[in-house]
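In what follows, a single structure is set out as structure tokens and then discussed.
There are 2 protein chains.
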Amino acid sequence: MTDAQARLIVEAQRTLGPKAVLTDAADIAPWATDWRGRVHGATPAILAPASTEEVAAIVKLAAEHRVPLVPQGGNTGMSAGATPPADGSALLLSLRRMNRIRSVRAEERIAVAEAGVILETLHDAANDVGMRFPLTLGARGSCTIGGLASTNAGGTQVLKFGTMRALVAGVEAVLPDGSIHSGLSGLKKDNRGYSIDQLLIGAEGTLGVVTAVALRLVPAVAARGVAWAGVDTPARALELWRYLEARTDSIEGFELVPQDSLALVLKHIRGTRLPLDGEHRWHVLIEATTPEAGTSIGAELERLLGDALNRGIIGNAVPASNESQAEAFWKIRDSISEAERAEGQTLAHDISVAVADMPRFIVEASEQVERAFPGVIASGFGHLGDGNIHFHVRAGSHAAPDWYEAEGAEITRFVDDLVTVAGGSISAEHGIGQLKRIEFARLADPARVHALRAIKQALDPLGIMNPGKLVP
Amino acid sequence: MTDAQARLIVEAQRTLGPKAVLTDAADIAPWATDWRGRVHGATPAILAPASTEEVAAIVKLAAEHRVPLVPQGGNTGMSAGATPPADGSALLLSLRRMNRIRSVRAEERIAVAEAGVILETLHDAANDVGMRFPLTLGARGSCTIGGLASTNAGGTQVLKFGTMRALVAGVEAVLPDGSIHSGLSGLKKDNRGYSIDQLLIGAEGTLGVVTAVALRLVPAVAARGVAWAGVDTPARALELWRYLEARTDSIEGFELVPQDSLALVLKHIRGTRLPLDGEHRWHVLIEATTPEAGTSIGAELERLLGDALNRGIIGNAVPASNESQAEAFWKIRDSISEAERAEGQTLAHDISVAVADMPRFIVEASEQVERAFPGVIASGFGHLGDGNIHFHVRAGSHAAPDWYEAEGAEITRFVDDLVTVAGGSISAEHGIGQLKRIEFARLADPARVHALRAIKQALDPLGIMNPGKLVP
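Chains as they are written, first to last, in this note's numbering: chain A, 1489 to 1960; chain B, 1489 to 1960.
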């Protein structure tokens, strides 16, 4: 611990109270390693303010003592953006105690939640007033609103409602100089210069600490219809998406699943069963919802899929006949990563290309990877309608135990090169954090790198906000 | 003309060709004064590049010679953001020759238009493929896509589709160092750091020159229903909006009109007539649309208004019985400013407060202004559902001919103070430009001013991009 850190810790104890400052190694350990357990950081203390004013006080002290801070919510990020550096040079700033839902107004369709509110808690609060916050993802039971905003999180409902960028109506944040940016006024229209709110969304805590967020709500779901369809190719799956999109705006989930992934789920995940008879090389899980009670959305989805079958777009389809079957379909989709891990070593790439280009990309990139690295199995699954898939490369059955460490970086560079040539993004929804920073630096447009560095330097000249993350 | 300007003009003539550089006073004059004719600028030349590369070349030359540039599209802005400074220190950079629509893809629901494309031209191009670009406003026949993005323009359809910020899928721009930011990849999801696109939207050309924009399209309108309703108070009008919003998502226009404004339109605008019998202190113009053919949207709107009448929310309502009556209703709304000008001097304030607070704001602020400045008539009209109204103060019949110049600034300060106390914005959709810069500086949160200045300095350290605009 440096002298500056020690002084900051003492002053933080005075400002926040002794219980809000954790210095015991056992208390710190779970939060110093990223969610996947791959990146191990170190820090002498966790500071846990309970209010925006306390966050501001801590940031001012950090600036004064030149001690960097790493903001952290639920520690569920996929790119280690909330993991402190391994050299112990930074303190963790935990937002978990800022967990009040300040307001939920159905009439205004707005909820204001502090950074530490867990996503599922917000879902419940919206539901209590007949509304819904439509963003959701696997980590909903532990991820926090501040982290979701800071990473511009996506998930399975982006198709209809967009990422956090589209769902945030305002941001409150402490800027690196300790000043408070108050964007929670609830104005629907405000053209007074650059949008600081939008700059903070997706900034991964490198430009300030998000302390509260105003979120758009939509009417609660009154009914949903879920179906599973089999198709020959990803191109046919996209054709199905275009067909549905042109006829209804009720589709909010459209997930592509390759046969290979389905087979792994059936092999490794207890209680799962084949959703659809027959042989299909690719599958699509479709969810339609409506906020209007009394609408037979399931029947409507079934009718559309019947027509798509007659047109030869799909090979077959089956609607979920009840809620438990709908859940069973979703369980297959949500278990793919787990099944892959059970099968062996897997390299995950969260990538996007233009929607129209994705079917060809999946097929060609899989072939190219399998040719370049004999023995591996490559495939893509996920949010086809958003042009975003999880392109996973699995070690073959004869791979060495250290395959991931030995070959992972080279395979990832190969995949990232293919994505870049296709005009895509090497981070569609997981952000850059620490894990993708080197690849980002290698592949980013120099004009973009220059602009990012200039903005970072302008707003955080002392470099105290989440150093070593995002900015190449 | 300075030596540096003279050198830049010679080099621009070489780079762009002599016809793309205007130095004749008569050619320059129409573009050196703002649209309202209130702010008179001066410049030795207009440079009119025809491609992104030419814009980049000009920006690099401007940086080299330290000559500021003022980007300009259709010159229809309301805050003189595209008017050059009066001292002639800057050159005008006209984007009007960059007027290609690069692509319109119905299936992708995206159009890519260069900065100089006129809004109405884009409307037509989208319509040709069965789609629609849903943002529209009075100046659609002359405003340009680049200007709309740079000012985060709004208009009458924001209620359903949002401002430009929600409709822009990507931005191409030349940054102040002459580098090209290419955000037109068409990716729906991309989390590679700060959103430069979002930073450029609403930046009024102070951080770079927008050269092309990817725009979201929606399905074309198959049918619309338009109606006029009379209500007792703005609070009742908002109650009507909440009532409709809870029952349909087809409403895309909801415009509040005070009786005073209606009377002026009937008095001054030829061919207009009373839309609804009876005495009503306030009025609402409502438009519902649907992309689905065969839907009787007009009948549905009529049924909802009948129910609202039974509930006592409205005093009366009449549906437009055909397209020409619908156009007649809209003509009343669109003629308010013209009618006010015909009546006498008018001070316009484009303001917003939280939607729920707007009814009370309109009533109380009108009373306070009329009490503080005896003889004036204050009222608000416009986008009630967005919390954005045009709060206009008219000189009474006994006002001096120089009322606008003599009392305007003081009245505006009074109004802006009321807006600020109410937590609102002194610029809901018109931006800051030159006209609101002093008031913005007076009333803005210091943390916000600091952040804006830091970002401006970081991306435009030489101060060559639209100096004297927006940033306080």
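Glycine included, every Cβ here is placed at the ideal spot set by N, Cα and C. Please read all numbers here as calculations on a predicted model, not as lab measurements.
Which term fits residue i, buried or exposed, when burial requires 16 or more other beta carbons within 10 angstroms of its beta carbon?
| i | result |
| --- | --- |
| A:Thr1777 | buried |
| B:Arg1704 | buried |
| B:Ala1946 | buried |
| B:Lys1677 | buried |
| A:Pro1807 | buried |
| B:Leu1792 | buried |
| B:Ala1929 | exposed |
| B:Arg1821 | buried |
| B:Asp1512 | exposed |
| B:Asp1575 | exposed |
| A:His1837 | buried |
Below 7 Å between beta carbons: does that hold for residue i and residue j?
| i | j | result |
| --- | --- | --- |
| A:Gly1604 | A:Leu1583 | yes |
| B:Leu1672 | B:Val1592 | no |
| A:Ile1824 | A:Phe1879 | no |
| B:Leu1636 | B:Phe1621 | no |
| A:Arg1724 | A:Gln1747 | no |
| B:Gly1693 | B:Leu1663 | no |
| B:Gly1766 | B:Asn1804 | yes |
| B:Ala1710 | B:Glu1780 | yes |
| B:Ile1802 | B:Leu1728 | yes |
| B:Ala1544 | B:Ala1508 | no |
| A:Ser1670 | A:Thr1564 | no |
| B:Leu1580 | B:Pro1572 | yes |
| B:Phe1817 | B:Ala1910 | no |
| A:Ala1514 | A:Arg1585 | no |
| A:Leu1750 | A:Trp1716 | no |
| A:Leu1504 | A:Glu1542 | yes |
I believe residue i touches residue j by the beta-carbon criterion, under 8 Å. Please report the beta-carbon distance rounded to the nearest angstrom.
| i | j | result |
| --- | --- | --- |
| A:Ile1785 | A:Arg1680 | Rounded, the Cβ-Cβ distance is 42 Å, inconsistent with contact. |
| A:Phe1869 | A:Val1753 | 10 Å between Cβ atoms; not a contact. |
| B:Ile1516 | B:Ile1534 | 6 Å |
| A:Leu1958 | A:Arg1925 | 7 Å |
| B:Leu1906 | B:Ala1844 | At roughly 17 Å, the Cβ-Cβ gap does not stay under 8 Å, so B:Leu1906 and B:Ala1844 are not in contact. |
| B:Tyr1682 | A:Leu1940 | 6 Å |
| B:Leu1647 | B:Glu1740 | 6 Å |
| A:Val1656 | A:Ile1689 | 6 Å |
| A:Thr1900 | A:Glu1927 | 7 Å |
| B:Gly1562 | B:Ala1627 | 7 Å |
| A:Arg1588 | A:Glu1608 | Rounded, the Cβ-Cβ distance is 16 Å, inconsistent with contact. |
| A:Leu1931 | A:Thr1908 | 5 Å |
| A:Gly1875 | A:Val1841 | 6 Å |
| A:Glu1788 | A:Thr1834 | Their Cβ separation, rounded to whole angstroms, is 37 Å, which puts A:Glu1788 and A:Thr1834 out of contact at 8 Å. |
| A:Ser1567 | A:Gly1921 | 3 Å |
For residue i, which three-state DSSP category applies?
| i | result |
| --- | --- |
| B:Gly1634 | helix |
| A:Pro1664 | coil |
| A:Asp1904 | helix |
| A:Gln1460 | Residue 1460 of chain A cannot be examined here, being either before or after the span of chain A that is shown, 1489 to 1960. |
| A:Val1851 | helix |
| A:Gly1786 | helix |
| A:Ala1830 | helix |
| B:Thr1521 | strand |
| B:Asp1913 | Contrary to the premise, residue 1913 of chain B reads as Ser rather than Asp in this sequence. Looking at B:Ser1913 - three-state DSSP - the assignment turns out to be strand. |
| B:Glu1692 | coil |
| B:Asn1798 | helix |
| A:Arg1588 | coil |
| B:Ile1976 | Nothing about residue 1976 of chain B can be reported from this structure: the residues present for chain B run from 1489 to 1960 only. |
| B:Ile1877 | strand |
| A:Ala1594 | coil |
| A:Ala1578 | coil |
| A:Thr1651 | coil |
Cβ contact (3+ pairs, closer than 8 Å) linking the stretch 1691-1705 of chain B and the stretch 1761-1778 of chain B | Judged by Cβ distances under 8 Å, the stretch 1691-1705 of chain B makes no contact with the stretch 1761-1778 of chain B, as fewer than three pairs qualify.
Hey, is the stretch 1875-1894 of chain A in contact with the stretch 1525-1532 of chain A, meaning 3+ C-beta pairs nearer than 8 Å?
-> Contact between the stretch 1875-1894 of chain A and the stretch 1525-1532 of chain A is absent: fewer than three C-beta pairs spanning the two stretches fall below 8 Å.
Per the contact definition of three or more C-beta pairs closer than 8 Å, is the stretch 1629-1647 of chain B in contact with the stretch 1904-1924 of chain B?
-> At 8 Å Cβ cutoff, the stretches touch.
Report yes or no: do the stretch 1711-1725 of chain B and the stretch 1608-1616 of chain B share at least 3 C-beta pairs separated by less than 8 Å?
-> The answer is no - the stretch 1608-1616 of chain B does not touch the stretch 1711-1725 of chain B, with fewer than three Cβ pairs under 8 Å.
Evaluate contact between the stretch 1541-1557 of chain B and the stretch 1491-1507 of chain B, counting only Cβ atoms and requiring at least three cross-stretch pairs below 8 Å.
-> Yes: the two stretches touch, three or more of their Cβ pairs being nearer than 8 Å.
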